[in-house]
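Participant: For reference, the structure I am asking about is given below.
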Amino acid sequence: MSGTFPERTVATVRRTIAAPPEDVWSVLADGWSFAVWVVGACRVRNVDPDWPDPGEAIHHSFGIWPALVNDDTVVVSAEPARELVLRAKAWPAGEAVVRLELTPDGPGATLVTIQEDATAGPVLLLPAPLRRLALHPRNVETLRRLAFLAEGRHRERLQRRP
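See below:
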C-alpha cells in the first residue's frame, strides 16, 4: 500500500475466499451489493454508471435509522480481478483509503487483503494503534460478507455450466 499512507498505520485483514478472483471481482464491481458486504453501509442510493472505473462513485448511507448520513465512496484506481482502491467518505468522522487486493490462491480460491486507514477528518485525532483496533473487527466481518457473496456467485456459475 506504499504511496497511499504509511504502512505502520494500516489496518490489514486477509481472508481466503473459495472462489476465483473473477467471482470476487464480480461482487466488488456490483455497486448495488456494496451495502451487503461493507460493514456500516446500510443502503445504496445510487451507483455511477461506469462503476468501478476510477472517479466513479457509490452514493450510500451509513448509520442506524433514523440517524443516517448520506455520503459516497469513490474509486481511486481499479485493476479488474486484481485490485480496487477506494476513497471512502464518512463525514462528519472523516475519510479513509481502502485497498482490496485479490491474489489467486490455488485452484478456485482467492486471497483477499483489505487495508484501510483514515486520511482526513477528526478520526485522525485517534492514534494509529486505536484506529487499527477499531477497523480490524469491522474488516474481518466485511471480508466474511464478501466471501459469502463471492462463494455464492461462484457456486451459481458452476451450476449453470452445461
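Under our numbering, the first residue of the sequence shown carries the number 325, and numbering increases by one thereafter.
Every residue gets a Cβ at the ideal spot worked out from N, C-alpha and C, and that includes glycine.
1. Answer yes or no: do glycine 445 and alanine 471 have a C-beta to C-beta separation smaller than 7 Å?
2. Using the rule of at least 16 other Cβ atoms within 10 Å of the residue's Cβ for burial, across every protein chain shown, is glycine 327 buried or exposed?
3. Can the beta-carbon of valine 393 be found less than 7 Å from the beta-carbon of alanine 381?
4. Candidates Ala474, Arg479 and Gly430: which alpha carbon is nearest valine 360's?
5. Relative to the C-alpha of arginine 481, which residue among Thr340, Thr336 and Ser350 is closest?
6. Look up proline 428 in the DSSP assignment and say whether it is helix, strand or coil.
7. Just mark tryptophan 375 as buried or exposed, buried being the case when its beta carbon has 16 or more other beta carbons within 10 Å.
8. Determine the direct distance from the alpha carbon of phenylalanine 358 to that of arginine 338, and round the result to whole angstroms.
Facilitator: Judging by the given coordinates:
1. As a working mapping, residue 445 is identified with position 121 in the sequence shown. As a working mapping, residue 471 is identified with position 147 in the sequence shown. With a cutoff of 7 Å on beta-carbon distance, glycine 445 and alanine 471 are scored as not near each other.
2. Walking along the sequence shown from the start, residue 327 turns up at place 3. Low confidence applies to glycine 327: its pLDDT is 44, below 50, so where it sits in the model is not reliable, and the reading given next is rough at best. Residue environment analysis places glycine 327 among the exposed positions, since fewer than 16 neighbouring C-beta atoms fall within 10 angstroms of its C-beta.
3. Here residue 393 is taken as the residue at index 69 of the sequence shown, counted from 1. Here residue 381 is taken as the residue at index 57 of the sequence shown, counted from 1. No, the pair does not count as a contact, with Cβ atoms beyond the cut-off.
4. Within the sequence shown, residue 360 is the residue found at index 36, counting from 1. Of the candidates Ala474, Arg479 and Gly430, the residue whose Cα lies closest to the Cα of valine 360 is Ala474.
5. Here residue 481 refers to the residue found at position 157 of the sequence shown. Nearest C-alpha to arginine 481: Ser350.
6. The residue given as residue 428 occupies position 104 in the sequence shown. It is a strand residue.
7. Residue numbering aside, residue 375 sits at position 51 when the sequence shown is read from its first letter. Of the other Cβ atoms in all chains shown, 16 or more fall within 10 Å of the Cβ of tryptophan 375; this residue is therefore buried.
8. Within the sequence shown, numbered from 1, the residue matching residue 338 stands at position 14. Within the sequence shown, numbered from 1, the residue matching residue 358 stands at position 34. If you take the alpha carbons of arginine 338 and phenylalanine 358, they lie about 19 Å apart.
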